[in-house]
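Going by our numbering, the first residue of the sequence shown is number 8, and it counts up by one from there.
As structure tokens, the structure follows; a few thoughts come after it.
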Amino acid sequence: MTKGEILITGASGQIGWHLCRYLASQGYRVTGTYHSHKPALEGVELRQCDLTDVASLSSAIGGDYQAVIHAAAYTNVDKCEKFPDMARRVNVEAIGALASLFPPEVRFICISTDLVFNGERGRYGETDRVDPVNMYAETKAAGEKAALGHPGGIVVRLALVYGPDTPFSFGFSSVMKGLLEAGKPVPLFVDQYRTPVYVGDILRALQRLVEQDPKHRIYHLGGAERVNRWEFGRLFVDVFGYDRSLLQPVTTESVGLVRRGKDCSLDCSRLAAEFGFRPSGVLEGLRRMKQGVY
Ligand SMILES: NC(=O)c1ccc[n+]([C@@H]2O[C@H](COP(=O)([O-])OP(=O)(O)OC[C@H]3O[C@@H](n4cnc5c(N)ncnc54)[C@H](OP(=O)(O)O)[C@@H]3O)[C@@H](O)[C@H]2O)c1
């Protein structure tokens, strides 16, 4: 049975790509946008758009959608620091312009990040105060406000995402896999805690947010366990059978990266209480990833 029409921005990205495939397989008519990489996605209508070209958005992607899931973003934390104007244009200004294209009854789901928190405490809930510590996070926090300016706006803050490879975007699990397969060392932070979330759990939770009537306007979507990347890496090599000795524990300071919060783990009890969301633990998520199932 064909369901409604959904617009997914960022169809060439890690999350948008999986989301297009998944929702198309669930019977939705899916339109996906890309910017510089045209993905091959069966059953998905693809449209090219540049979010910084605000004047062209209406003709590029306007339509009669039941819901919009905005997953396109300027996501590289280090590049956001280097090119703050571009980060603001894509992550903030484009959201206001995009949201203004859709009437109030359209659900406008905007994907944000756990990094909007300063990471000093961890286990953040939706009512906790955001306090971004770098440009990426600052623009994402401002983008949340722009999304909530739309009457149907809903913000979903994701934790660190892992899942099967996508054609153009290299999330952290794909980068790690690439290094391990090449027999190269993999530096992994021991001093940054997150609640990594399996992409399949994200897809199901977003589907519920499209199909049911959410009571709130902000949701946290993370995995069941709070771990650092080093701990995650050890489970990853065990499940996939890679060489454990390639993993190298490092601290954020020793690598000299742009500042990130130490503990941006998320409390996802709102999603659990309202929608029965039960996120996977890391081992379970990795096993599903190995089997290639969402
Ligand atoms: N992945 C994670 O671990 C993670 C964690 C927390 C939150 N998030 C959030 O989740 C969302 C999706 O992230 P992701 O990892 O899927 O991102 P990604 O893989 O980096 O993909 C970014 C997408 O945005 C598109 N894009 C970038 N600049 C654009 C522009 N000027 N105009 C139009 N499209 C543009 C890219 O298109 P082209 O490639 O075609 O240029 C691509 O489709 C983002 O909001 C991100 O902040 C991700």
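Quick reminder that beta carbons are idealized off the backbone N, C-alpha and C, glycines included.
Item	Value
For E52, which of helix, strand or coil comes out of DSSP?	strand
Just list the alpha helix (DSSP H) runs in the segment 198-232, keeping only unbroken ones of 4 residues or longer that don't cross its boundaries, in chain order.	206-218
Taking C-beta to C-beta, are V140 and A101 nearer than 8 Å?	no
Just grab the DSSP bridge partners of C271 for me.	DSSP lists no partner for C271.
Would you identify the three-state DSSP class for R241, choosing helix, strand or coil?	helix
L155 lies in the beta strand (DSSP E); which residues open and close that run?	Here L155 belongs to no beta strand (DSSP E); instead the alpha helix (DSSP H) covers M142 to L155.
Hey, would you say the C-beta of H42 is under 7 Å away from at least one heavy atom of ligand 1?	yes
Taking the continuous alpha helix (DSSP H) assigned at E88, which residues delimit it?	V84 to K89
Tell me the rounded alpha-carbon separation between C27 and R128.	35 Å
Please report the distance separating the alpha-carbon of G156 from that of K184.	39 Å
Quick one: what does DSSP say F179 is sitting in, helix, strand or coil?	helix
On the three-state DSSP scale, how would you describe G160?	strand
Looking at the unbroken alpha helix (DSSP H) that takes in T259, where does it start and where does it end?	T259 to V262
Tell whether a beta-carbon distance below 8 Å holds between A18 and L53.	yes
Consider the C-beta atom of Q255 and the heavy atoms of ligand 2; say whether any pair is separated by less than 7 Å.	Looking at this structure, you won't find ligand 2 anywhere; what it does contain is ligand 1.
Whose C-alpha, out of R224, V197, A280 and F284, is nearest the C-alpha of R267?	V197
Within a Cβ cutoff of 8 Å, which residues of the same chain sit near I22, ignoring the five residues on either side of it in sequence?	A78, I118, L165, V168, V206 and I209
Starting from I77, trace the beta strand (DSSP E) both ways and give me its first and last residue.	The sequence shown places His at residue 77, rather than the Ile named in the question. Here the beta strand (DSSP E) through H77 covers A74 to H77.
Express the C-alpha separation of E218 and L64 in angstroms, rounding to a whole number.	26 Å
So what's E12 in DSSP terms, helix, strand or just coil?	strand
Among residues of its own chain, excluding the 5 on either side of A303, which ones have a beta-carbon nearer than 6 Å to its beta-carbon?	Residue 303 is absent from the structure shown; the chain starts at 8 and stops at 301.
Identify whether N125 lies in helix, strand or coil by the three-state DSSP scheme.	coil
As a quick exercise: from V123, S287 and G69, pick the residue whose alpha carbon is nearest that of V163.	V123
Just how far apart, CA to CA, sit M29 and L273?	Here the sequence assigns Tyr to residue 29, which means Met is not the residue at that position. Near 25 Å, if we compare the C-alpha coordinates of L273 and Y29.
Can you tell me where the alpha helix (DSSP H) holding V289 begins and where it ends?	V289 to Q298
Based on the DSSP output, what are the partners of Y41 in its beta bridges?	Q55
The beta strand (DSSP E) spanning F109 covers which residue range?	Unbroken run through F109: none, as it is neither H nor E.
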